[in-house]
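Worksheet: the structure to be examined is printed underneath.
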Amino acid sequence: QVQLVESGGGLVQAGGSLRLSCGASGMLFSTYTMGWYRQAPGKERELVAGVTSGGTTNYADSVKGRFTISRDNAKNTVYLQMSSLKPEDTAVYYCNRVSAFGSWTWGKGTLVTVSS
Numbered sequence: 103q104v105q106l107v108e109s110g111g112g113l114v115q116a117g118g119s120l121r122l123s124c125g126a127s128g129m130l131f132s133t134y135t136m137g138w139y140r141q142a143p144g145k146e147r148e149l150v151a152g153v154t155s156g157g158t159t160n161y162a163d164s165v166k167g168r169f170t171i172s173r174d175n176a177k178n179t180v181y182l183q184m185s186s187l188k189p190e191d192t193a194v195y196y197c198n199r200v201s202a203f204g205s206w207t208w209g210k211g212t213l214v215t216v217s218s
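Here the sequence shown stands for residues 103 to 218, numbered as in the working numbering.
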């Protein structure tokens with residue numbers, strides 16, 4: 103079965119940086135488009151960045167130029183480098199596939215809190 107384990111969150115001041123990691127198992131990781139999602143309190147979960155199996159990346163407008171998604175297929179891991187963080191980036195961050203066929207079971211996520 104698919105397992106996703108996110109890590110790297112924490113408390114950071116506005117303008118700071120964090121690097122999130124997501125380890126995946128139970129699937130042929132390299133063949134999937136992977137994404138980082140976030141859910142802020144009282145809001146719907148949203149996709150903020152995606153990376154295809156070939157390494158093409160896409161970003162939500164709200165994070166473009168500040169976040170960088172990458173993947174290491176040898177380690178079955180996807181990363182999210184976040185810089186110039188803003189209080190509105192505060193959320194629980196999750197990784198999952200980006201697919202018209204839906205998502206795998208969600209992991210626990212990792213909490214990012216940005217203080218002003």
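We put the beta carbon where it would ideally sit given N, CA and C, even for glycine. The model shown is predicted, which means the values in this text are computed figures rather than measured ones.
Since residue i and residue j should fall inside the 8 Å C-beta cutoff, what is the C-beta to C-beta distance between them, to a whole number of angstroms?
i    : j    : result
V214 : L120 : 6 Å
S123 : G110 : 5 Å
Y134 : L149 : With 8 Å as the limit, Y134 and L149 do not qualify as a contact, their Cβ atoms being about 14 Å apart.
Count the other CB atoms, across all protein chains shown, that sit within 10 Å of the CB of residue i; report buried if there are 16 or more and exposed otherwise.
i    : result
F131 : buried
G204 : exposed
A193 : buried
Compare the C-alpha of residue i against each of the options and name the closest.
i    : options                   : result
L187 : V165, S201, V194 and R199 : V165
G218 : G144, D191 and T158       : Gly is not the amino acid found at residue 218; the sequence shown has Ser there. For S218, the nearest C-alpha among the options comes from D191.
S162 : N175, R173, G144 and G137 : According to the sequence shown, residue 162 is Ala rather than Ser. Taking only the C-alpha atoms, the option nearest A162 is G137.
M154 : R140, S172, G144 and E148 : The sequence shown places Thr at residue 154, rather than the Met named in the question. Ranking R140, S172, G144 and E148 by Cα distance to T154 puts S172 first.
Rounded to the nearest angstrom, what separates residue i and residue j at their Cα positions?
i    : j    : result
L113 : N160 : 26 Å
V107 : Y195 : 11 Å
G211 : A176 : 22 Å
P189 : N198 : 24 Å
A202 : A151 : 16 Å
G144 : V200 : 23 Å
L182 : D174 : 12 Å
T158 : N178 : 17 Å
R168 : A116 : 12 Å
W208 : R147 : 11 Å
G125 : V216 : 23 Å
M129 : V104 : 6 Å
S185 : Q141 : 18 Å
T170 : G156 : 15 Å
W206 : G118 : 31 Å
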